[in-house]
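Line by line, the protein sequences are chains C and V.
Each residue of the first sequence is one higher than the one before, starting from 578 at the first, in this note's numbering.
Each residue of the second sequence is one higher than the one before, starting from 578 at the first, in this note's numbering.
Backbone N, C-alpha and C fix where the C-beta goes; we use that ideal spot for every residue, glycine too.
Single-structure report; data block below.
2 protein chains.
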Amino acid sequence: MTPQRMAVLKVIIDNEEHLTAEQVYGRVKPDFPMISLATVYKTLSMLKEMGEILELDLHTGCKHYDGHRIFSHPHLICTECGAVVDIEEHDLSNLSQDMEKSTGFEITKFQANFFGICPQCQKH
Amino acid sequence: MTPQRMAVLKVIIDNEEHLTAEQVYGRVKPDFPMISLATVYKTLSMLKEMGEILELDLHTGCKHYDGHRIFSHPHLICTECGAVVDIEEHDLSNLSQDMEKSTGFEITKFQANFFGICPQCQKH
DNA sequence: CTACATGCAAACCCTTTGCAGGCTG
DNA sequence: CAGCCTGCAAAGGGTTTGCATGTAG
């Protein structure tokens with residue numbers, strides 16, 4: 578893995594947020610001024626294939642990446658301010674297993690997003 | 578609501594599948610040869626706002642629409658052949674309620690998609 | 001020398017938008 | 001006439017790709 582690619586992975590792992598390709602690009606650029614967005618995309622695609630990072634669709638118009646927890650986990654998204662809360666929830670894993678039994682599918686991953694209004698936004 | 582828009586809604590309701598904008602366009606065209614894709618998109622957007630149809634992201638590169646069950650429900654998607662199975666599952670509703678209590682969010686909808694390999698594709 | 005990595009720009013694809021003409025009431 | 005509905009074409013935005021150059025082993 579090249580230094581640039583390492584940098585992309587590091588940026589994703591070092592951030593608690595779920596960065597977009599554009600954001601990753603912006604944060605890698607100080608250290609690698611010559612890096613292009615295309616390289617970032619190619620790298621993200623590679624890391625995703627390798628299972629190093631998780632690609633998320635938070636319904637914001639572009640993809641987000643999470644390097645902290647490779648296993649799928651649910652998100653709670655505020656439709657007012659865009660805040661994203663990661664959920665630690667194991668019920669869905671059990672649900673996956675139940676579903677495998679009842680449908681015969683071999684489930685490889687799941688995506689569960691809950692949309693709503695966060696406590697702060699409810700006040701306004 | 579204009580006849581064309583009624584036709585768009587009807588196509589979605591009459592189909593068990595989750596049609597894409599392009600597919601809706603193709604099925605409305607026999608009755609309304611002059612209809613344009615732009616009108617289909619505008620109508621789908623309107624119907625979504627009205628809460629008549631549900632917009633789904635099945636990770637196929639474009640959006641799908643479901644007019645049968647306006648309330649969110651989970652899907653099981655085969656990553657090999659693209660088959661989509663609707664899941665009747667009430668555990669997620671309970672989960673929503675639990676989550677509201679623990680996070681203070683007011684949850685308006687949820688999206689849950691399980692990806693895997695269907696029984697047929699597992700044979701090959 | 002072979003293979004892979006990179007930057008640039010163009011291409012892609014689905015979706016949205018601007019606009020002028022039509023239709024309705 | 002006011003206001004919405006329509007089709008067309010163009011624009012839009014995130015992502016992908018082709019290609020020539022650069023780099024490493």
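> Within this structure, are the beta carbons of residue 651 of chain C and residue 630 of chain C separated by less than 8 Å?
Replying inline: No, they are not a contact pair.
>> If I measure Cβ to Cβ from residue 677 of chain V and keep anything under 8 Å in the same chain, skipping five residues before and after, which residues do I get?
In response: Within the same chain, residue 677 of chain V has close Cβ partners 683 and 684.
> According to a CB-to-CB cut-off of less than 7 Å, which residues of the segment 689–700 of chain V neighbour chain C?
Replying inline: Taking 7 Å as the Cβ-Cβ cut-off against chain C, the residues of the segment 689–700 of chain V that qualify are 689, 690, 691, 692, 693, 694, 695, 696 and 699.
> Using a beta-carbon distance cut-off of less than 9 Å, what residues from the segment 617–632 of chain C approach chain V?
Replying inline: Against chain V - using a Cβ distance shorter than 9 Å - the segment 617–632 of chain C contributes no residues.
>> Between which residues of its own chain and residue 673 of chain C is the CB-CB distance below 8 Å, once the five residues before and five after are set aside?
In response: Once the five neighbours on either side are set aside, the close Cβ partners of residue 673 of chain C are 684 and 687.
>> Just to confirm the assignment: which complete alpha helix (DSSP H) runs, minimum length 4, are found wholly within the segment 608–681 of chain V?
In response: Counting only runs of 4 or more, we get 614–627 and 668–680.
> Alpha carbon to alpha carbon, what distance is there between residue 654 of chain V and residue 694 of chain V?
Replying inline: Going from the Cα of residue 694 of chain V to the Cα of residue 654 of chain V covers about 8 Å.
>> I want to see whether chain V comes within less than 8 Å of residue 681 of chain C, judged by CB atoms only; does it?
In response: For residue 681 of chain C, the nearest CB of chain V lies under 8 Å from its own CB, placing it at the interface with that chain.
> Cβ of residue 682 of chain V versus every heavy atom of the ligand NAD: is any distance shorter than 7 Å?
Replying inline: The model on display carries no ligand, and the ligand NAD is accordingly not part of it.
> Does any CB atom of chain C fall closer than 8 Å to the CB of residue 656 of chain V?
Replying inline: Interface annotation, residue 656 of chain V: in contact with chain C, CB-CB separation under 8 Å.
> When the cut-off is 8 Å and only beta carbons count, does residue 635 of chain C lie next to chain V?
Replying inline: No, its Cβ sits nowhere closer than 8 Å to a Cβ of chain V.
>> I'd like to know if residue 613 of chain C contacts chain V, where contact means its C-beta is closer than 8 Å to some C-beta of that chain.
In response: Residue 613 of chain C does not count as touching chain V.
> Expressed to the nearest angstrom, what Euclidean distance is found between the alpha-carbon atoms of residue 681 of chain V and residue 700 of chain V?
Replying inline: Residue 681 of chain V and residue 700 of chain V have their C-alpha atoms roughly 46 Å apart.
>> Please classify residue 679 of chain V as buried or exposed, where buried requires at least 16 other C-beta atoms within 10 Å of its C-beta.
In response: Classification for residue 679 of chain V: exposed.
> Along chain C, in chain order, which residues have C-beta atoms closer than 8 Å to that of residue 686 of chain V?
Replying inline: The answer, in chain order, is 691, 692 and 693.
> Relative to the C-alpha of residue 593 of chain C, which residue among C/660, C/659, C/645 and C/621 is closest?
Replying inline: Taking each of C/660, C/659, C/645 and C/621 in turn and checking the Cα distance to residue 593 of chain C, the smallest one comes out for C/645.
> Shortest alpha-carbon distance to residue 636 of chain V belongs to which of V/691, V/697 and V/580?
Replying inline: Measuring from the Cα of residue 636 of chain V, the nearest candidate turns out to be V/691.
>> According to DSSP, simplified to helix, strand and coil, what is residue 587 of chain C?
In response: Residue 587 of chain C falls in the helix class under three-state DSSP.
> residue 589 of chain V to residue 633 of chain C, Cα distance in whole Å?
Replying inline: When rounded, the distance between both Cα atoms is 28 Å.
> chain V partners of residue 662 of chain C, CB-CB under 8 Å?
Replying inline: Contact note: residue 662 of chain C reaches chain V through 680 and 682, using a C-beta cutoff of 8 Å and chain order.
> When the Cα of residue 573 of chain C is compared with those of C/600, C/595, C/602 and C/586, which residue comes out closest?
Replying inline: As shown, chain C starts at 578 and ends at 701. That puts residue 573 of chain C outside it, with no answer to give.
>> By the three-class DSSP mapping on this structure, what secondary structure does residue 599 of chain V have?
In response: Looking at residue 599 of chain V - three-state DSSP - the assignment turns out to be helix.
> Taking Cβ to Cβ, would you say residue 612 of chain V is nearer than 8 Å to residue 619 of chain V?
Replying inline: Taking 8 Å as the cut-off, the beta carbon of residue 612 of chain V is found no closer than this to the beta carbon of residue 619 of chain V.
> How long is the line joining the alpha carbons of residue 643 of chain C and residue 581 of chain V, rounded to whole angstroms?
Replying inline: Going by the C-alpha atoms only, they are around 43 Å apart.
> Which two residues bound the contiguous beta strand (DSSP E) that contains residue 606 of chain V?
Replying inline: No beta strand (DSSP E) holds residue 606 of chain V; DSSP gives it neither H nor E.
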